[in-house]
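Chemist: All residue numbers for the sequence shown refer to our numbering, where the first residue is 462 and numbers rise by one. Glycine included, every Cβ here is placed at the ideal spot set by N, Cα and C. Values in this document were obtained by computation on a predicted structure and should not be read as measured data.
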Amino acid sequence: MQAASGRDAPDRCPGAVQVHAAADGGLARVRLPGGRLSVAALAVLRGAALDLGDPALELTSRGNIQVRALRPGAEVELAARLSAAGLLPSDTHERVRNIIASPLSGRDGLGELDVRPVVAAYDAGLCADASLADLPGRFLVTVDDGRGDVTPLGGDVGLHGDRLVLAGTVMPAGAGTVTPAGAADLLLRATRAFLAERAEQGGTAWRLTELTDGRARVAARLATSYATDAGQYSGPDRADVGQYNGFDRADVGQYDGRRGPVAGWAPQLDGQAALTVVVPLGLFTQAQSAALVEAAPGEIIVTPWRTVVVPDVPVAQAGPVETLLTAAGLVTDPASPWAGVTACAGRPGCAKALADVRADARAAVEAGTVPRDLPVHWVGCERRCGAPKGRHVEMLATADGYQVVS
Ligand code: SF4
462 MQAASGRDAP
472 DRCPGAVQVH
482 AAADGGLARV
492 RLPGGRLSVA
502 ALAVLRGAAL
512 DLGDPALELT
522 SRGNIQVRAL
532 RPGAEVELAA
542 RLSAAGLLPS
552 DTHERVRNII
562 ASPLSGRDGL
572 GELDVRPVVA
582 AYDAGLCADA
592 SLADLPGRFL
602 VTVDDGRGDV
612 TPLGGDVGLH
622 GDRLVLAGTV
632 MPAGAGTVTP
642 AGAADLLLRA
652 TRAFLAERAE
662 QGGTAWRLTE
672 LTDGRARVAA
682 RLATSYATDA
692 GQYSGPDRAD
702 VGQYNGFDRA
712 DVGQYDGRRG
722 PVAGWAPQLD
732 GQAALTVVVP
742 LGLFTQAQSA
752 ALVEAAPGEI
762 IVTPWRTVVV
772 PDVPVAQAGP
782 VETLLTAAGL
792 VTDPASPWAG
802 VTACAGRPGC
812 AKALADVRAD
822 ARAAVEAGTV
832 PRDLPVHWVG
842 CERRCGAPKG
852 RHVEMLATAD
862 GYQVVS
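1. For S750, does the count of other Cβ atoms within 10 angstroms reach 16, so buried, or fall short, so exposed?
2. Quick one: does the C-beta of G841 sit closer than 7 Å to a heavy atom of the ligand SF4?
3. Would the beta-carbon of G495 be found less than 7 Å away from any heavy atom of the ligand SF4?
4. For R676, which residues in the same chain have their Cβ closer than 7 Å to its Cβ, ignoring the five residues on either side in sequence?
5. I think L520 touches L587, with their Cβ atoms under 8 Å apart; what is that distance to the nearest whole Å?
6. Taking the alpha carbon of P795 as the point to measure from, which residue in P475, T737, Q747 has its own alpha carbon closest?
7. On the CB-based measure, 16 or more other CB atoms within 10 Å of its CB, does P775 come out buried or exposed?
8. Is any non-hydrogen atom of the ligand SF4 found closer than 7 Å to the C-beta of C811, if you look at the structure I gave you?
9. Helix, strand or coil for T784 per DSSP?
10. Could you pull the start and end residues of the alpha helix (DSSP H) that G675 belongs to?
11. Between the stretch 479-496 and the stretch 799-817, can you find at least three pairs of beta-carbon atoms closer than 8 Å?
12. Is the beta carbon of S522 sitting closer than 8 Å to the one on P849?
13. Enumerate, from N- to C-terminal direction, the unbroken beta strand (DSSP E) stretches of 3 or more residues contained entirely within the stretch 557-595.
14. Could you have a look at E760 and say whether DSSP puts it in helix, strand or coil?
15. Would you list the residues sitting across from H621 in a DSSP beta bridge?
16. Throw me the rounded Cβ distance for the L513 and L531 pair, which I believe falls under 8 Å.
17. What residues are listed by DSSP as bridge partners for F745?
18. So what's Q885 in DSSP terms, helix, strand or just coil?
19. Please identify the residue among D605, Q733, G664, S867 whose C-alpha is closest to the C-alpha of R577.
20. What three-state label does DSSP hand L531 in the structure shown?
21. Buried or exposed for P722, going by 16 or more other Cβ atoms inside 10 Å?
22. Which residue's Cα is closest to the Cα of A681: M632, Q729, I761, G725?
23. Can you check whether the CB of A822 is closer than 8 Å to the CB of A841?
24. Ignoring anything shorter than 3 residues or poking outside the stretch 796-861, list the beta strand (DSSP E) runs there in chain order.
25. Hey, how far is the Cα of T784 from the Cα of A860?
26. Do you know offhand how far E536's Cα is from G508's?
27. Residue range of the alpha helix (DSSP H) that P641 falls in?
28. Counting pairs of beta carbons, one from the stretch 722-732 and one from the stretch 562-569, are three or more of them closer than 8 Å?
29. Out of A734, A789, V866, which has the shortest C-alpha to C-alpha gap to P832?
30. Taking Cβ positions, are G622 and T603 nearer each other than 8 Å?
31. Can you tell me the Cα-Cα spacing of A824 and G780, whole angstroms?
32. Can you give me the C-alpha to C-alpha distance between F655 and G790, rounded to a whole angstrom?
33. Is the beta carbon of V792 sitting closer than 8 Å to the one on P836?
34. Does DSSP put V702 in a helix, in a strand, or in coil?
35. Do the CB positions of A517 and T746 come within less than 8 Å of each other?
36. Tell me which residue opens and which closes the beta strand (DSSP E) that V491 is part of.
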């Protein structure tokens, strides 16, 4: 059987070991399953960027972090530092650990279950299965706790509350529901089913949507029963979330299903709070990563929307934490013109770029000329790297200036 849409070359998604040769030097992408990054590991990444490449860390549209402009051979030292920090659990699987999860799951009570254990179990199972190292680097897993934030990102396989997701579609309840304990195993079986179907269809597809009847055929391969118990939320009573001590619920960030947690504070069920900050143009300066290392109690969560969540902040520390982060240029005001503005790498990092899109986007934000009603994404060429899902305005660099596409 022929693939419906085969690729005639292996994908070249960069990894932390298998770096990509960009115009400005080596480009290393460090996968962060579920976006989670300990403060200690962030400090290691920050130091590596300073010592080995461009000091700024780059956030990706899949909630990963990139180090750019690595000097020739520096990837060896980078890999050693990442391994020591626990960021490289498998040399063979590092490019396929593409797992996006609801950033506030298990903390703010808005989902149906806490997906953090599911992400950890899937990642461990992925790395333990040698056959899964053959996944394409573009393969994406979304683990949505039922609130509907990461399912729209179109994962190849995923979880949506107690339902399976295939090719971005929540499968009917009639296909069975998923228990939290069984979710990671089901996702692993779905991942293997994708690889089996891919092999049968020529072995060149990168995504489930590229296979002929991919969703139906993977579902058929999974037809052996899976658990039918409804997922149970394992945290405290969700009704408690409105009584967070220290913030009026009306004042805290609202949840935007397509863009994740809105900038600002969200109450946690445990009485602490989570602060979402916009990272202008998805670039952490050294000052910003230093401020996060100092301010975050234990970890940060990198989201697919070029924002970062600082969870588990004690109420008494909320003011000082926000002051520290905003002083470094991170944005906590959801009405800021930086919210929703993103850009690809552009010049000088990308050889294909027709413009320094980040500089142009920054100038437009500072001049107040960026459209405000939709997300705006600036791209240096028609490859449109990093474009957000859903409706947005595109600022496309051409030989004759920018073309506005909406
Ligand atoms: S959209 Fe074009 S210019 Fe921008 S990073 Fe991708 S290839 Fe480079």
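Modeler: Straight from the coordinates:
1. buried
2. yes
3. no
4. L627, A628, T630, L669
5. Contact flag wrong, Cβ pair sits at about 22 Å.
6. T737
7. exposed
8. yes
9. helix
10. 675-682
11. yes
12. yes
13. 560-562
14. strand
15. D605, R624
16. 6 Å
17. L518
18. With the chain covering 462 to 867 only, the question about residue 885 has no answer from this structure.
19. D605
20. strand
21. buried
22. M632
23. Before going further, note that residue 841 is Gly rather than Ala in the sequence given. Their beta carbons are not under 8 Å apart, which means G841 does not touch A822 by this criterion.
24. 802-804, 837-840, 854-859
25. 42 Å
26. 14 Å
27. 641-661
28. yes
29. V866
30. no
31. 30 Å
32. 43 Å
33. no
34. Note on V702: pLDDT 35, under 50, position unreliable in the model; no value is reported.
35. yes
36. 486-491
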